[in-house]
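Residue numbers (the numbering used here): 15 to 85.
Here it is in structure tokens:
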């Protein structure tokens, strides 16, 4: 859905998640990327493997996508 009355398009960034300082915003379909990014900003992952595990879990949770997402 496009908001035709939105007049300030110049600073709009067409990405699922945008981080600007300590502000994190997301488009409605970017909720998984938003959650993972919030985790990064809050430094909740122990290491890179912990981050990768979270990404694999949330992005590949559906059994139908397991063969596609995981080796």
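Heads up, the beta-carbon is just placed ideally off N, CA and C, and yes, glycines get one too.
Would you mind giving the Cβ-Cβ distance between residue i and residue j, rounded to the nearest angstrom? I have them listed as a contact below 8 Å.
| i | j | result |
| --- | --- | --- |
| residue 43 | residue 28 | No, residue 43 and residue 28 are not in contact; Cβ-Cβ is about 12 Å, not under 8 Å. |
| residue 55 | residue 38 | 6 Å |
| residue 50 | residue 68 | 6 Å |
For the beta strand (DSSP E) that residue i lies in, which residues bound it at each end?
| i | result |
| --- | --- |
| residue 37 | 37-40 |
| residue 34 | 31-34 |
Grab the span of the alpha helix (DSSP H) containing residue i for me, first residue to last.
| i | result |
| --- | --- |
| residue 63 | 62-73 |
| residue 48 | 45-55 |
Which same chain residues end up closer than 7 Å to residue i when comparing Cβ atoms and leaving out the 5 residues on each side of it in sequence?
| i | result |
| --- | --- |
| residue 40 | 30, 31, 47, 48 |
Buried or exposed: residue i, going by 16 or more other Cβ atoms within 10 Å of its Cβ?
| i | result |
| --- | --- |
| residue 58 | exposed |
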